[in-house]
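The C-terminal position of the sequence shown is numbered 274 in my numbering, with every residue numbered one higher than the one before it.
Accompanying notes for the structure given below.
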Amino acid sequence: MLECFVLGGGESRRFGEDKLLFPIKGKECIRYVLDALAGVCGRLAIVGKDRHKFFAIKDVEFVPDILTEQGALVGIYTALKSARTDKVLVVSGDMPLVKPSLVRYIVDEYKDPITIYCIRGRLYPLFGVYSTKILKDLETYLKEGEKKVMDFIERVGYNCIKEDEVIHLDPLLLSFINMNTKEDLKVILKNMGVVKLKVSGMTCEHCVNTVKRALMSVDGVSDVSVSLEKGEVEVITQKDIELQALKSAIEEWGYKVLGEV
């Protein structure tokens, strides 16, 4: 079972308001991350200090930070302490364009004790897999009053996955955009598109749920809404997604895509 923990902390100072709950095309930033991980993870949870902040997200487990100190490293520590297996995937909650295929890849290529992405010279410790073997070292580090993630992982050692290994999965490397500022938000919106399709054969709520699940399984699909009355499907996707991939996902289940609306 893959255990995935989405970091729900941070003060969003550069963004100017709570970035994790900021709506992007009608859906909270962190919800995009959760939805991307949902089909990959056996256990999915948000780690953070404020349970009430995420009261509206009732379908995802919340794990409160064990320590009172601030910082992403406390979130990683909490995830490891609450783990039921020997490793956990940690993803920042401000990466709304993360693709499930990148999650699968880092898990498949994981090597002890830590594996992270290293993209175009930048390290992404908040998109990584961590072994519970590092818990004692992490406890010691935190007791010393330290809290820098990179300093810690350099101390215990880590493995890197570089862009040339995953460029075929995410050609524009959109998975690695953190929404830290409003300028980042503009970049994210620029790389999001909306596709509306006319679909025949949907006659019930079960059909609606089937179409939603089928489309959400397509790498790069961020959200799906279905109008049973109109026979229409609206898909929020990353702009590098081909229309044929959406059509194939729907028609595999016996429905017919009549065209774009």
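Beta carbons: idealized from backbone N, C-alpha and C, even for Gly.
In this text, all values refer to a predicted model and were calculated from it rather than measured experimentally.
Residue Gly141 holds the alpha-carbon nearest to the alpha-carbon of Tyr171 among Leu256, Leu187, Gly141. The stretch 53 to 68 and the stretch 124 to 131 do not touch, with fewer than three beta-carbon pairs separated by less than 8 Å. Inclusion of Pro109 and Tyr45 in the CB contact set at 8 Å is warranted, their separation being smaller than that value.
Asp236 has Ile249 as its beta-bridge partners, per DSSP. Collapsing the DSSP output to three states places Asn222 in a helix. For Leu136, the secondary structure class from DSSP, reduced to helix, strand or coil, is strand. When only Cα atoms are considered, Ile249 and Leu33 end up about 18 Å apart. DSSP places Ser261 in the helix class (H, G or I) of the three-state scheme. Taking 8 Å as the cut-off, the Cβ atoms of Leu210 and Glu157 do not count as close. Residue environment for Gly233: buried (at least 16 other C-beta atoms within 10 angstroms of its C-beta).
For Ala92, the enclosing alpha helix (DSSP H) has its first and last residue at 85 to 94. Shown here, Thr81 sits in coil according to DSSP, grouped into three states, outside any helix or strand. Take Ala227, set aside five residues on each side of it, and the residues of its chain with a beta-carbon closer than 8 Å to its own are Ala262, Ile263, Glu265, Trp266, in chain order. Between the C-alpha atoms of Val76 and Gly23 there is a straight-line separation of about 15 Å. Going by DSSP, Leu20 is part of the beta strand (DSSP E) stretching over 16 to 20. Here Pro138 is buried. Its C-beta has 16 or more other C-beta atoms within 10 Å.
Rounded to the nearest whole angstrom, the C-alpha separation of Leu20 and Glu122 is 22 Å. Within the DSSP bridge table, the entry for Ile127 names Tyr143 as partners.
Setting aside the 5 residues that flank it on each side, Leu47 is surrounded in the same chain by Val19, Leu57, Val73, each with a C-beta closer than 7 Å to its C-beta; the list follows chain order.
For Ser230, no alpha helix (DSSP H) encloses it, and the DSSP letter there is neither H nor E. A distance below 6 Å between beta-carbons, with the five flanking residues on each side excluded, links Ser235 to the following residues of its chain, in chain order: Tyr45, Ile249. Spatial neighbours of Glu176 in its own chain (CB-CB distance under 7 Å, excluding positions within 5 residues in sequence) are listed in chain order as Ile132, Arg133, Leu186.
In this structure, DSSP gives Lys269 an extended state, which the three-state scheme calls strand.
Here DSSP, grouped into helix, strand and coil, assigns Pro113 to helix.
Its chain contains Val270 as the residues whose beta carbon lies nearer than 6 Å to that of Lys260, once the 5 sequence neighbours on both sides are disregarded; these appear in chain order.
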